[in-house]
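Single-structure report; data block below.
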Amino acid sequence: MTSAAKSETSDSENRTPEWGHGYMPGPAGCRSCVWHTVVVRPAGRRPALENTTGSARPHGSSQQVPAVSRKGSMEAKLAFSQDSPPISIICAAKVAGIPLSIDPSLAAGSVPTLQFGSGESLHGVNPILHFIARGASFSSFSGQNAIEFGHAVEWLEYAPIFLSGSEFENACSFVDGYLAFRTFLVGHGLTIADIAVWSNLAGIGQRWESLRKSKKYQNLVRWFNSIDAEYTDTLNKIVAAYVGKRGIGKSPAPSFKEKVHDSKDPSAPEVDLPGAKVGQVCGRFAPEPSGYLHIGHAKAALLNKYFAERYQGRLIVRFDDTNPSKESSEFVENLLKDIETLGIKYDAVTYTSDYFPKLMEMAESLIKQGKAYIDDAAKEQMRKERMDGIESRCRNSTVEKNLSLWKEMVNGTERGMQCCVRGKLDMQDPNKSLRDPVYYRCNTDPHHRVGSKYKVYPTYDFACPFVDALEGVTHALRSSEYHDRNAQYYRILQDMGLRSRNL
1 MTSAAKSETS DSENRTPEWG HGYMPGPAGC RSCVWHTVVV RPAGRRPALE
51 NTTGSARPHG SSQQVPAVSR KGSMEAKLAF SQDSPPISII CAAKVAGIPL
101 SIDPSLAAGS VPTLQFGSGE SLHGVNPILH FIARGASFSS FSGQNAIEFG
151 HAVEWLEYAP IFLSGSEFEN ACSFVDGYLA FRTFLVGHGL TIADIAVWSN
201 LAGIGQRWES LRKSKKYQNL VRWFNSIDAE YTDTLNKIVA AYVGKRGIGK
251 SPAPSFKEKV HDSKDPSAPE VDLPGAKVGQ VCGRFAPEPS GYLHIGHAKA
301 ALLNKYFAER YQGRLIVRFD DTNPSKESSE FVENLLKDIE TLGIKYDAVT
351 YTSDYFPKLM EMAESLIKQG KAYIDDAAKE QMRKERMDGI ESRCRNSTVE
401 KNLSLWKEMV NGTERGMQCC VRGKLDMQDP NKSLRDPVYY RCNTDPHHRV
451 GSKYKVYPTY DFACPFVDAL EGVTHALRSS EYHDRNAQYY RILQDMGLRS
501 RNL
């Protein structure tokens, strides 16, 4: 019997504020307020405080969750994106004794895939973890009975919350209290739940390591250290290979195989763009023409200039003109003048409004595919439902009804003005940017370039990934406050059927 199968013997800024129904630039500080009112559901729901002191096997069954046959597991290949390695899967497979070959070649934003020699495959972290739990070399890895397996599944759904920066310490506090009188998360032995949560904590990087050295979460640290000590050689090698100081996938990029443009200042620190090739990089500086150049603009513009020159690539200046109520040609002219004052040379000037017809076609296509819907809820009600993970009553409207209301929006009718288009993503995701974001809203103010031609305008969240793809942008630089919205960017690109970008 492996050590893992032993029974327990001891205690153990962004664009978030809304105008109308959409998102516009605003301060990032409001996230701290959101944290105290969040109601986390399935993907981040807290597991129940179960009582596992007794057996719970159903009548007529000696083992409710039999281990999955491991036939063919030698041929399993785990494919994933290099920028987001699924270390929970890699760690769980090592502990479970399931050999995997590693293929970090998927595009950025892709979900991990487990490919079998038979041609079958599993997609997503949790389905793959379920397979590993039930195919482990020791059956207790999935729990001793059906109830324990159910609790393990709850923990798998909860584990990703540790990677959500705003909810990290709240999750640590919850699990610390839960482990006050427990050695393991489920039952009396190590299960897939322990490895999933352990891996996500390890994946935080320096932030978790700092807490681990403190006395703040002693039960959580005790539990983490006991697993770490038991599997030092196995788990620590994986963490060292895939986790940088800032977390999963954020270790310094490997050295270039091609010579890049020399920096004018040899003492300046080098920062590599993931997947960048000399002569093939295209960046964009995308200000909203609703004000004059500020320090944030200057920083973004200069960084894009630096990488365009370093990789001998292209730089596009794109005006994100999707809010006619705030924008004007005066701001466009002044921004261009200030960009030239900074010494920034660009290859093209474009406008999001150049793509309004194609954006409307894409919105209508998503409605027809059932990937978007029309919502007529009041702004405050919509905000509260998104906060609490409650689906809109309009979420499951028929395609015909949605298309009819979309037409009302396009025509700017009184009925249409009450509506917005929302993406049908995931209302239970702990990352609230994925909770059915707004794609389109009505605005009858004249636009500084196209006048009163349109009565509907795309939100930044919808337009940005679409236009990046159409313009061939390879790397979109975003400040750190956009980190929680990166998953949304990739998901929207995926639903649109467009190639992923590097953020």
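Residue 1 is where the sequence shown starts when you use UniProt numbering, and the numbers rise one by one after that.
Built from N, CA and C at the ideal position, the CB exists for glycine as well.
If you keep only unbroken alpha helix (DSSP H) runs of at least 4 residues inside the region 314-364, you get 329-341. Cβ neighbours of L477 within its own chain (closer than 7 Å, five residues either side excluded): G283, A300, L303, N304.
For G187, the closest of R441, I161, T322, S140 by C-alpha to C-alpha distance is S140. Burial is judged here by how many other beta carbons sit within 10 angstroms of a residue's own beta carbon; Q144 has at least 16 and is buried. Looking at the DSSP output, A79 bridges to D103, T113. Residue pairing for D375: DSSP places it in a beta bridge opposite C420. DSSP assignment within the region 415-463 yields the following whole beta strand (DSSP E) runs of 3 residues or more, N-terminal first: 420-423, 438-442, 456-458. The alpha-carbon separation between Q494 and L273 amounts to approximately 22 Å. In the DSSP assignment, C282 falls within the unbroken beta strand (DSSP E) covering 282-285.
When DSSP reads this structure, S121 sits in a beta bridge with Q115. Judged by DSSP secondary structure, G296 falls within the alpha helix (DSSP H) whose first and last residues are 295-310. Under the DSSP assignment, I195 falls in the alpha helix (DSSP H) whose first and last residues are 192-202. Counting along the chain, the unbroken alpha helix (DSSP H) around E209 starts and ends at 206-213. C419 and Y355 have their C-alpha atoms roughly 22 Å apart.
With fewer than 16 other CB atoms across the displayed protein chains lying within 10 angstroms of its CB, I295 is exposed. Around the beta carbon of K453, a 10 Å sphere encloses fewer than 16 other beta carbons of the protein chains shown; the residue is thus reported as exposed. With distances taken between CA atoms, V456 lies nearest to P324 out of K237, P324, S105, P289. Under the three-state reduction of DSSP, H188 is assigned to coil, being neither helix nor strand.
When the beta-carbon positions are compared, S199 and S101 stay at least 8 Å from each other.
DSSP places V278 outside both helix and strand once states are collapsed to three, so it counts as coil.
Shortest Cα-Cα distance from A108 to any of L156, H475, N219 involves H475.
Contact annotation: V332 and A372 have beta-carbon atoms that are not nearer than 8 Å.
Fewer than three Cβ pairs drawn from the region 168-177 and the region 120-137 lie within less than 8 Å of each other, which leaves the two stretches out of contact. Its chain contains R318, D320 as the residues whose beta carbon lies nearer than 6 Å to that of A286, once the 5 sequence neighbours on both sides are disregarded; these appear in chain order. Between I492 and D461, the gap from beta carbon to beta carbon is short of 8 Å. Counting of Cβ neighbours within 10 angstroms places Q381 among the exposed residues, the total staying below 16. DSSP places V467 in the helix class (H, G or I) of the three-state scheme. When I374, R383, E288 are compared, the shortest CA-CA separation from L336 is found for E288. The distance from the Cβ of L78 to that of P112 is about 6 Å, consistent with a contact at the 8 Å cut-off.
Taking C-beta atoms as the reference points, I195 and F162 fail to come closer than 8 Å. If one requires a minimum length of 4 residues, the alpha helix (DSSP H) runs lying completely within the region 138-184 are 146-158, 168-178, in chain order.
For the pair K94 and G423, the Cα-to-Cα distance works out to about 38 Å. For Q494, the enclosing alpha helix (DSSP H) stretches over residues 486-496. Excluding the 5 residues flanking it on each side, Y292 has same chain C-beta neighbours closer than 6 Å at N334, in chain order.
The straight-line gap separating the alpha-carbon atoms of L201 and N170 is approximately 13 Å.
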